[in-house]
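*Asks:*
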Amino acid sequence: MTEPLTPGQVSELRKKHYNATLVALRKPNPELGIFRVQPDFPIPPHKPGQYTTLGLGGWEPRMPGCQEEVLQSGEEAKLIRRSYSISHPILTETGDLVPAGSLPWLEFYIVLVRFSETGKPPALTPRLFMLREGERLYMGEKITGHFTLEGVQPDDTVLLLSTGTGEAPHNYLLWQLLSSGHRGRILAACCVRYRRDLGYLETHQRLVKMFPNYIYVPLTTREPETVHQKVYIQDLITSGQLEEKLGQPLDPAHCHVFLCGNPKMIGVPTVDRITGAKTYPQPTGVIEILEARGFRADQGSKARGNIHFEEYW
Ligand SMILES: Cc1cc2nc3c(=O)[nH]c(=O)nc-3n(C[C@H](O)[C@H](O)[C@H](O)COP(=O)(O)OP(=O)(O)OC[C@H]3O[C@@H](n4cnc5c(N)ncnc54)[C@H](O)[C@@H]3O)c2cc1C
5 MTEPLTPGQV
15 SELRKKHYNA
25 TLVALRKPNP
35 ELGIFRVQPD
45 FPIPPHKPGQ
55 YTTLGLGGWE
65 PRMPGCQEEV
75 LQSGEEAKLI
85 RRSYSISHPI
95 LTETGDLVPA
105 GSLPWLEFYI
115 VLVRFSETGK
125 PPALTPRLFM
135 LREGERLYMG
145 EKITGHFTLE
155 GVQPDDTVLL
165 LSTGTGEAPH
175 NYLLWQLLSS
185 GHRGRILAAC
195 CVRYRRDLGY
205 LETHQRLVKM
215 FPNYIYVPLT
225 TREPETVHQK
235 VYIQDLITSG
245 QLEEKLGQPL
255 DPAHCHVFLC
265 GNPKMIGVPT
275 VDRITGAKTY
285 PQPTGVIEIL
295 EARGFRADQG
305 SKARGNIHFE
315 EYW
């Protein structure tokens, strides 16, 4: 147990570490937030699909009802930082595509993690979800990442497959595709527990009406009508439903797939350094299913591929 910091110490630490303001917050449900964060510095140049970091001090209050945390001596005065993909609003209030370069803030789509499966209590989200509009936080000055549309041609089919808040970078990619007049078909599918966990549902429903080449497939696993016949992203592909919704067969020569969120859905294989042999994890993830159908996971500069992925943990 550590001695609590004094209000004066807390105020000093906030001044020292925080360089951004939460300018808007929408909570589609109490455990899901769309955070708009305006840094004190100019937004660094970046590409849709990339990520930065957000942070709050160990001194900040935690949301009640989360896994208990016992801080070691000195930890209370430290900044807790985590990576977050940048999301993006797609339509303005009047229903036009958001113009490029028009936003003074970055949008983040974050879920409150109350308990950790790994043992160590979640540190940042129980604090982030206590924040109110106008309050200060830390935002990293570096925006980075390989999860971008580089290599995607205007007529390619693009699949954006996610779980939960894994939809965040896909919204930014989707905005870029629609804004650049992408001609190929675009299908976004997102798997969540409940319908209330689809924070951007209304936007996607509007986009489907506006863009004939855009298809949105929301999947829930805990609603009364889906709890006994769950369709995960993997099932969507293996059952043939994805191709049916897309209206064409999956063709690895003209298709890029983006996977983001739960590592179990993605299923990144380990590769033996000497033999190059691949071992896929269990349960079967999307990479194994698609590689069996001629797709190749992107390994950056080592080997370009048409399956791009971002694991959240
Ligand atoms: C490149 C990158 C981008 C990310 N972008 C996002 C994003 O846009 N939105 C977002 O909500 N998270 C995102 N994350 C996860 C984020 O960095 C944090 O791990 C997460 O917010 C939990 O933080 P925490 O400190 O509360 O718990 P942590 O100590 O970081 O995590 C504790 C445990 O929570 C679980 N967990 C972590 N993230 C999630 C999640 N999103 N959904 C369900 N369970 C989770 C895992 O089991 C993890 O071991 C991203 C991670 C990476 C590496």
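All residue numbers for the sequence shown refer to my numbering, where the first residue is 5 and numbers rise by one.
Ideal placement from N, C-alpha and C gives every residue a C-beta, glycine not left out.
1) Indicate whether the contact test is met: 3 or more Cβ pairs, each with one atom in the region 126 to 142 and one in the region 215 to 231, closer than 8 Å.
2) Less than 7 Å between C-beta atoms, sequence neighbours within five positions excluded: which residues of the same chain meet that for Val117?
3) Please list, in chain order, all residues of the same chain as Trp109 whose beta carbon is under 7 Å from its beta carbon, the five residues on each side excluded.
4) State the Cα-Cα distance for the pair Gly304 and His150, rounded to the nearest angstrom.
5) Who does Gly170 pair with in a DSSP beta bridge?
6) Does the beta-carbon of Trp63 have 16 or more other beta-carbons within 10 angstroms, so that it is buried, or is it exposed?
7) Using only alpha-carbon positions, find the residue among Gly170, Asp44, Thr207, Leu202 that is nearest to Pro34.
8) Taking 8 Å as the threshold (C-beta atoms), are Asp302 and Ile291 in contact?
9) Quick one: using the 10 Å Cβ neighbour count with 16 as the cut-off for buried, is Phe119 buried or exposed?
10) Closer than 8 Å is the cut-off here; do at least three beta carbon pairs connect the region 272 to 279 with the region 249 to 259?
11) I'd like to check one pair, Ile90 with Tyr55: are the Cβ atoms closer than 8 Å?
12) Give the DSSP-derived three-state secondary structure of Gly59 in the structure shown.
13) Could you tell me which residues DSSP puts in a beta bridge with Glu315?
14) Using 8 Å for Cβ pairs, my map puts Ser122 next to Arg86. What's the rounded Cβ distance?
15) With hydrogens ignored, establish whether the beta-carbon of Tyr113 is closer than 7 Å to any heavy atom of ligand 3.
16) Would you mind sorting Ser15 into buried or exposed? The rule is 16 or more other CB atoms within 10 Å of its CB.
17) What are the boundary residues of the beta strand (DSSP E) that Leu29 is part of?
18) Go through its chain and collect everything with a Cβ distance to Glu73's Cβ below 6 Å, but skip five positions before and after it.
19) Could you check if Leu83 belongs to the surroundings of ligand 1, using beta carbon to heavy atom distance under 7 Å?
20) If you draw a straight line from the alpha carbon of Gln71 to that of Ser184, how long is it in whole angstroms?
21) Provide the residue(s) that pair with Thr274 in DSSP beta bridges, ordered along the chain.
22) Can you confirm whether Arg131, when its beta carbon is compared against all beta carbons of chain C, has any partner nearer than 8 Å?
*Replies:* On the basis of the data shown:
1) no
2) Pro126, Thr129
3) Val27, Arg40, Val41, Gln42
4) 7 Å
5) In the DSSP output, where bridge partners are listed per residue, Gly170 has none listed.
6) buried
7) Leu202
8) no
9) exposed
10) no
11) yes
12) strand
13) Gly265
14) Per the sequence shown, residue 122 should be read as Thr rather than Ser. Thr122 to Arg86, Cβ: 14 Å. No contact.
15) No copy of ligand 3 appears in this structure; the ligands present are ligand 1.
16) exposed
17) 24 to 33
18) Pro125
19) no
20) 44 Å
21) Thr283
22) Absent here is chain C; the protein component of the structure consists of one chain.
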